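Remarks on the structure that follows.
Protein chains in written order, with this note's numbering: chain A, 1451 to 1688; chain B, 21 to 194.
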């Protein structure tokens, strides 16, 4: 984990090249993974098709447990891609750490708060958009903020922001902390030659394994919470 | 490092990243949908349809089989009762036929017996008549031989005839 990164300005916008490249790598991995898994589809699934269908069933299960019925079907694809992207992003930094001249080029995209905030913002904007699509502008406002009781309005409004921040920071914090600790263990390993390397190796192994676990759990949590937030906008509040 | 926690700090808020992620994520979703999601969900739907279709078909076939079995059973029962009926009819017919045959035979036998009795009576009568003639002729011959000279033939014949008449009467009364 290196906090230095490539920053470029383009068309008056600031781009963090580390995030851009890492995100692109993660997306390419996701795309080619599903592309490879979806070759030679058959009515009787076998091998890699089973893997893909298991993932799809898993994400469909997340969606349908939060948004039941026909309503939830349109979010299946979003949940699937979101889950795979966050999962791959979380694991990416554990596998590859690409540093050029003291500046990181590839790491876990989700260990940057800007990326997780982008994802959280996307999901929450989608939730509001679908709220309007389902209930109409007026119905959306009433359903989202004035039900079940109207005096909760201030809390509902604050909740919109806390939802956004917690969704972004939960993912970011978990992955960032994982990478920081891995970097620290790496630093310890290199500090006093062979002795510290021997000590640090099992630590690094254990923490790597734990990070894989955390990355998977966080991808699941992020998708689940996204669907919860969407469901609160598109389902009728009682 | 801490600058990342301060939103809006110089160089910390990369709006470009946000746009990049939003756009590239949409592109990723579109690509996944086109290359993987579409085909595989279509395949899964197709499979689900096929399974439900197969289940429906199996249900239908089972119902049909049950119907056929019931029909077969009822037909079997029907044929059994029919067979019983046929057998009993045949038995009745046989009984009737036997009865008629026996009756016929009885009557035939009676007829034959009657006829035979009649024939026998006739024959006896004929024989008697023949014998009467023969005896009378014979007696005349014998008598004429015994008492050739004393009696003429006409008186002799009248005497014997009267005797035979008496004999015949005696016979008829007996």
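Think of the CB as a built atom: it goes at the ideal place given N, C-alpha and C, for glycine as much as any other residue. In this text the structure is predicted, and so the values were computed from the model without any measurement.
Starting from residue i, find everything on chain A with Cβ-Cβ shorter than 8 Å and list it in chain order.
i                    : result
residue 39 (chain B) : 1463
residue 75 (chain B) : Within 8 Å Cβ-Cβ: nothing; residue 75 (chain B) doesn't reach chain A, min ~16 Å.
residue 70 (chain B) : 1493
Rounded to whole angstroms, what's the CA-CA distance from residue i to residue j? Just pull it up for me.
i                      : j                      : result
residue 1605 (chain A) : residue 1503 (chain A) : 40 Å
residue 114 (chain B)  : residue 130 (chain B)  : 24 Å
residue 1654 (chain A) : residue 1539 (chain A) : 20 Å
residue 1679 (chain A) : residue 1465 (chain A) : 29 Å
residue 105 (chain B)  : residue 80 (chain B)   : 37 Å
residue 1493 (chain A) : residue 1594 (chain A) : 42 Å
residue 182 (chain B)  : residue 128 (chain B)  : 45 Å
residue 174 (chain B)  : residue 186 (chain B)  : 18 Å
residue 71 (chain B)   : residue 1669 (chain A) : 33 Å
residue 184 (chain B)  : residue 140 (chain B)  : 24 Å
residue 1614 (chain A) : residue 1568 (chain A) : 10 Å
residue 1661 (chain A) : residue 1554 (chain A) : 20 Å
residue 1645 (chain A) : residue 1571 (chain A) : 46 Å
residue 111 (chain B)  : residue 121 (chain B)  : 15 Å
residue 90 (chain B)   : residue 1491 (chain A) : 44 Å
residue 132 (chain B)  : residue 145 (chain B)  : 20 Å
residue 51 (chain B)   : residue 1527 (chain A) : 11 Å
residue 164 (chain B)  : residue 155 (chain B)  : 14 Å
residue 152 (chain B)  : residue 138 (chain B)  : 21 Å
residue 73 (chain B)   : residue 1495 (chain A) : 18 Å
residue 1468 (chain A) : residue 1499 (chain A) : 33 Å
residue 88 (chain B)   : residue 107 (chain B)  : 28 Å
residue 1474 (chain A) : residue 54 (chain B)   : 19 Å
residue 1470 (chain A) : residue 77 (chain B)   : 54 Å
residue 147 (chain B)  : residue 116 (chain B)  : 45 Å
residue 1575 (chain A) : residue 1667 (chain A) : 24 Å
residue 84 (chain B)   : residue 103 (chain B)  : 28 Å
residue 1611 (chain A) : residue 1577 (chain A) : 13 Å
residue 86 (chain B)   : residue 101 (chain B)  : 23 Å
residue 1665 (chain A) : residue 1601 (chain A) : 39 Å
residue 1616 (chain A) : residue 1676 (chain A) : 11 Å
Just tell me which of the options has its CA closest to the CA of residue i.
i                      : options                        : result
residue 1478 (chain A) : A:1554, A:1592, A:1542, A:1576 : A:1542
residue 149 (chain B)  : B:188, B:165, B:106            : B:188
residue 1671 (chain A) : A:1461, A:1578, A:1534         : A:1534
residue 1472 (chain A) : A:1487, A:1557, A:1544, A:1550 : A:1557
residue 41 (chain B)   : A:1562, A:1645, A:1648, A:1578 : A:1562
residue 178 (chain B)  : B:157, B:43, B:76              : B:157
residue 1658 (chain A) : A:1673, A:1676, A:1674, A:1636 : A:1636
residue 1476 (chain A) : A:1517, A:1505, A:1532, A:1510 : A:1532
residue 1629 (chain A) : A:1547, A:1583, A:1674         : A:1547
residue 1634 (chain A) : A:1620, A:1528, A:1651, A:1591 : A:1651
residue 1584 (chain A) : A:1642, A:1498, A:1681, A:1474 : A:1681
residue 1623 (chain A) : A:1564, A:1458, A:1601         : A:1564
residue 1481 (chain A) : A:1537, A:1550, A:1640, A:1665 : A:1537
residue 1573 (chain A) : A:1603, A:1525, A:1507         : A:1525
Does the beta-carbon of residue i, which I'm using as the reference point, lie nearer than 7 Å to any heavy atom of the ligand FAD?
i                      : result
residue 1578 (chain A) : This structure does not include the ligand FAD; it has no bound ligands of any sort.
Classify residue i: buried if its beta carbon has 16 or more other beta carbons within 10 angstroms, exposed otherwise.
i                      : result
residue 57 (chain B)   : buried
residue 1598 (chain A) : exposed
residue 1515 (chain A) : exposed
residue 1461 (chain A) : exposed
residue 143 (chain B)  : exposed
residue 35 (chain B)   : exposed
residue 1545 (chain A) : exposed
residue 1501 (chain A) : exposed
residue 1560 (chain A) : buried
residue 1486 (chain A) : exposed
residue 1566 (chain A) : buried
residue 1618 (chain A) : buried
residue 1591 (chain A) : exposed
residue 1580 (chain A) : buried
residue 64 (chain B)   : buried
residue 47 (chain B)   : exposed
residue 69 (chain B)   : exposed
Residue i touches chain A at which residues, Cβ-Cβ below 9 Å?
i                    : result
residue 67 (chain B) : 1493, 1494, 1495
residue 78 (chain B) : Going along chain A, no residue has its Cβ under 9 Å from residue 78 (chain B), so there is no contact; the nearest lies around 17 Å.
Interface residues of chain B around residue i at Cβ under 7 Å?
i                      : result
residue 1506 (chain A) : 60
residue 1477 (chain A) : 44, 48
residue 1466 (chain A) : 34, 37
residue 1488 (chain A) : 55, 56, 59, 60
residue 1677 (chain A) : Here the premise fails: no neighbours, minimum Cβ distance about 16 Å.
Could you name the residues of chain B that residue i contacts, counting a contact when the two beta carbons are closer than 8 Å?
i                      : result
residue 1535 (chain A) : 45, 48
residue 1569 (chain A) : 41, 45
What in chain B is Cβ-close to residue i, meaning under 9 Å?
i                      : result
residue 1503 (chain A) : 60, 63, 64
residue 1542 (chain A) : Residues of chain B passing the Cβ test: none, with the nearest at roughly 14 Å.
residue 1623 (chain A) : Neighbours of residue 1623 (chain A) on chain B: none; closest Cβ ~11 Å, over 9 Å.
Interface residues of chain A around residue i at Cβ under 7 Å?
i                    : result
residue 52 (chain B) : 1481, 1484, 1531
Does the region 1669 to 1685 of chain A touch the region 1515 to 1526 of chain A, meaning 3 or more C-beta pairs lie closer than 8 Å?
yes
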